[in-house]
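Trainee:
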Amino acid sequence: MKFPRPKILSYEEAIRFHGHNGPFLALGYKLGKYLNQNLKPKGIMDFKITVIIKFEKPFTCLIDGLQCSTFATFGKANMMVKKSKSNDIIVFVEKGKRKYMYQITKKAMDICLSAENLDKAARKIFRVPVNALWTFMPSHDL
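Using my numbering, the first residue of the sequence shown is number 1, and each one after it goes up by one.
1. Within the same chain, show all residues whose beta-carbon is closer than 8 Å to that of Ile-63, passing over the 5 residues directly before and after it, in chain order.
2. Straight-line CA distance for Val-128 to Phe-24?
3. Name the residue from Lys-106, Ser-114 and Lys-48 whose alpha carbon lies nearest to the alpha carbon of Gly-96.
4. For His-18, count neighbouring Cβ atoms within 10 angstroms of its own Cβ and tell me buried if that reaches 16, exposed if not.
5. With distances taken between CB atoms, is the gap from Leu-133 to Val-91 smaller than 9 Å?
6. Pull up the distance between the alpha-carbon of Ile-89 and that of Asn-131, whole angstroms please.
7. Determine the contact status of Phe-136 and Met-101, defining contact as a CB-CB distance below 9 Å.
8. Leaving out five residues before and five after Thr-73 in sequence, what residues of the same chain have Cβ atoms less than 6 Å from its Cβ?
9. Work out the CA separation of Ala-115 and Leu-39 for me, nearest whole Å.
10. Among the candidates Lys-124, Ala-108 and Met-45, whose CA atom is the shortest distance from the CA of Lys-76?
11. How would you write the range of the alpha helix (DSSP H) that Glu-12 sits in, first residue to last?
12. As an exercise, report each continuous alpha helix (DSSP H) stretch of at least 4 residues that is fully enclosed by the stretch 11 to 99, in chain order.
13. Can you tell me whether Asn-87 is buried or exposed, with buried defined as 16 or more other CB within 10 angstroms of its CB?
14. Straight-line CA distance for His-20 to Lys-2?
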């Protein structure tokens with residue numbers, strides 16, 4: 001069954017879903033918006049996302065941001081998480097027969113981990129260009 005793609009949640013709705021604002025939530029949400037704008041999914045199952053991440057707070061807050069902005073969710077089984085022991089975060093996105101890889105930059109990690117005020121750090125994430133937050137690796141066919 002094909003489901004039409006509704007409008008993504010606003011960032012304010014993502015904050016409400018997650019429970020609070022913060023830089024990792026903003027980082028995931030911003031990447032998801034970028035994916036929507038550039039890969040142009042048409043349905044709620046168009047993305048399959050795998051996140052390799054340290055499975056502890058605050059890192060995992062990024063996952064909620066991605067879920068709210070991409071419609072890839074655990075419940076629909078089109079989002080998976082693989083545990084990492086390092087602070088590095090890698091996001092694989094499959095759309096159709098193409099696979100894309102995004103790796104967090106040192107700048108993004110520094111903003112997130114040095115935050116004394118979560119709201120200010122989240123606002124800073126939104127001011128920084130997405131290509132300064134994520135290193136985009138070439139896509140390839142599956």
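Backbone N, C-alpha and C fix where the C-beta goes; we use that ideal spot for every residue, glycine too.
Small disclaimer: the values here were computed from a predicted structure and weren't measured.
Mentor: Looking at the atomic coordinates:
1. As a first step, residue 63 must be located in the sequence shown, where it is residue number 63. Around Ile-63: Gly-28, Val-51, Ile-53, Met-79 and Val-81.
2. If you number the sequence shown from 1, residue 128 lands on position 128. If you number the sequence shown from 1, residue 24 lands on position 24. So the two alpha carbons sit approximately 14 Å from each other.
3. Position 96 of the sequence shown holds residue 96. It is Lys-48 whose Cα lies nearest to the Cα of Gly-96.
4. Here residue 18 is taken as the residue at index 18 of the sequence shown, counted from 1. Counting every other CB atom within 10 Å of its CB across the protein chains shown gives His-18 a total of 16 or more, marking it as buried.
5. Sequence index remark: in the sequence shown, residue 133 carries index 133 (1-based). Sequence index remark: in the sequence shown, residue 91 carries index 91 (1-based). Contact: no.
6. In the sequence shown, counting from the first residue as 1, residue 89 sits at position 89. In the sequence shown, counting from the first residue as 1, residue 131 sits at position 131. Going by the C-alpha atoms only, they are around 15 Å apart.
7. If you number the sequence shown from 1, residue 136 lands on position 136. If you number the sequence shown from 1, residue 101 lands on position 101. Cβ atoms of Phe-136 and Met-101: closer than 9 Å.
8. Reading the sequence shown from its first residue, position 73 is the one you call residue 73. Sequence-distant Cβ neighbours of Thr-73 in its own chain, meaning closer than 6 Å and more than five residues away, are Gln-67 and Met-79.
9. On the sequence shown, residue 39 is found 39 positions in, with the first residue counted as 1. On the sequence shown, residue 115 is found 115 positions in, with the first residue counted as 1. C-alpha separation (whole angstroms): 31 Å.
10. Counting from one through the sequence shown, the residue named residue 76 turns up at place 76. If we check each option's Cα against that of Lys-76, Met-45 comes out closest.
11. For the purposes of this step, residue 12 is taken as residue 12 along the sequence shown, with counting starting at 1. Start and end: 11 to 18.
12. 11 to 18, 23 to 39 and 61 to 70
13. Counting from one through the sequence shown, the residue named residue 87 turns up at place 87. That one is exposed.
14. Along the sequence shown, read from residue 1 onward, the residue named residue 20 stands at position 20. Along the sequence shown, read from residue 1 onward, the residue named residue 2 stands at position 2. Cα-Cα distance, rounded: 33 Å.
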